[in-house]
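Take the sequence shown: its letters are residues 1 to 290, numbered as in UniProt numbering.
C-beta atoms are modelled at their ideal positions from N, C-alpha and C, and glycine is treated no differently.
Remember, it's a predicted structure, so these values are computed and weren't measured experimentally.
Okay, so here's the structure we're looking at.
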Amino acid sequence: MPAHQSRSRTRDRNNVLNRPEFISLNQPLARSSSRRHSAQAGQFKQPQSQQEPQQQPQQQQNGNTRDRKDSAQQQPEEDCMQLNPSFKGIAYNSLLAIDICMSKRMGVCAYKTSSWGSVRSMVTLLAMTGHGVVWIGVTLICLTRSSTLAGQEVLVNLLLALILDIMTVAGVQKLMKRKGPLEVSPGFLDYVSMDMYAFPAAHASRATMVSKFLLNHLVLAVPLRILLVLWAFLMGISRILQGRHHITDVMCGFALGFLHYKLVEMVWLSSNTCQTLISIWTFSWTPFFN
């Protein structure tokens, strides 16, 4: 090996700048190029950084509107406040609040621990006389024991009126699904007659229809007629005292029962039609009794 090459190698080894930690000092071009690249990158990034402050408020506004829409969709309708409500809406909400408040105060027989809990059994017994199952059973018993054509005609039309009342009230209650003012669970007869919701009051509708029907088609003395009207009125009051219905539910029940009576009078079945229905019914049930 030549002597000058060995000398140059020893110089390189003894040079402090050739150590690994000082290698970057021996690369000025790379440093300058890296600075140029960083400067160019900074130039390209500057417009984006200038646009970011303008884009951030827009993104924040879009995010806020989306959050508001999501929160409005998640909240129930009754919790959402309507701005500039109409006069009709204010009047409706005010009447509804009054109805709920007065109905809760009148529910004094809802529980045994209520203020009028001692008369709860009497009120329950009075309400039981207005169940649709009870009236249908009594009408069928009277129909089997009736021997006159006029009596059978009245009883058949009454039976159809009771069925019409039960089906109509149950359909409206299923559609509205309004609960009572107090948390009172329905009884067994209520489930059988499909009287599980508050609007309209089935007992009030049935009592009005039956009382009007009997007053028009039966010959009754004046005291009995007064007692029949009083029974229909107390039937609706008893359901409010039990906490099952609101005041408006009972009022609508009275109106619906009157409409049922008018409808039955319009489609009144004649004696021949009633006899045909009775013959069909007795023919289908006779083998079971024999």
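Assuming residue i contacts residue j (C-beta within less than 8 Å), just tell me the rounded distance between them.
i, j, result
"D249", "P200", "6 Å"
"A110", "Q275", "With a Cβ gap of about 47 Å, A110 and Q275 do not count as contacting."
"D99", "I247", "6 Å"
"L164", "T139", "Rounded, the Cβ-Cβ distance is 13 Å, inconsistent with contact."
Measure the Cβ-Cβ separation of residue i and residue j and say whether it is below 8 Å.
i, j, result
"S193", "G236", "no"
"I204", "F254", "Position check: residue 204 holds Ala in this sequence, whereas Ile was assumed. In this structure, F254 lies closer than 8 Å to A204 by Cβ."
"H217", "V172", "no"
"H245", "G180", "yes"
"L96", "S238", "no"
"G257", "T208", "yes"
"I141", "L162", "no"
"A198", "R178", "yes"
What separation, rounded to the nearest whole angstrom, lies between the Cα atoms of residue i and residue j?
i, j, result
"S86", "V169", "31 Å"
"N93", "M106", "20 Å"
"A202", "I166", "7 Å"
"L182", "L263", "33 Å"
"V123", "S147", "36 Å"
"I90", "V184", "29 Å"
"M251", "R206", "12 Å"
"M128", "S121", "10 Å"
"S118", "A232", "23 Å"
"C101", "T113", "20 Å"
"L234", "T282", "37 Å"
"I280", "T273", "11 Å"
"R145", "L215", "21 Å"
"residue 296", "M176", "No statement about residue 296 is possible, as the shown extent of the chain runs from 1 to 290 and does not include it."
"K88", "Y191", "36 Å"
If I measure Cβ to Cβ from residue i and keep anything under 6 Å in the same chain, skipping five residues before and after, which residues do I get?
i, result
"K212", "Y261"
"S271", "L149 and E153"
"D195", "A202"
"K174", "none"
"V219", "none"
Suppose the cutoff is 8 Å on Cβ atoms and the five residues either side in sequence are ignored; what does the same chain contact list for residue i look like?
i, result
"S115", "V108"
"I278", "L143, Q152 and V156"
"V134", "M128 and L189"
"P223", "none"
Return the chain-ordered list of same chain residues with a C-beta closer than 7 Å to the C-beta of residue i, the five sequence neighbours on each side being excluded.
i, result
"W268", "N157"
"V229", "S211"
"residue 304", "Residue 304 is absent from the structure shown; the chain starts at 1 and stops at 290."
"L227", "none"
"A30", "Its pLDDT being 45, under 50, A30 is placed unreliably by the model, and nothing is read from it."
State the start and end residues of the unbroken alpha helix (DSSP H) segment that holds residue i.
i, result
"S211", "A202 to H217"
"D195", "Element bounds for D195: n/a, residue is neither H nor E."
"R244", "Unbroken run through R244: none, as it is neither H nor E."
"V108", "Segment: none, V108 is in no alpha helix (DSSP H) and carries neither H nor E."
"W116", "Premise fails: W116 is in no alpha helix (DSSP H) and is neither H nor E."
"Q145", "Note that residue 145 is Arg in the sequence shown, not Gln. Per DSSP, R145 belongs to the alpha helix (DSSP H) from G132 to R145."
"E153", "L149 to M176"
For chain C, is any of its Cβ atoms less than 8 Å away from the one on residue i?
i, result
"S86", "Among the chains of the structure shown, chain C does not appear; only one protein chain is present."
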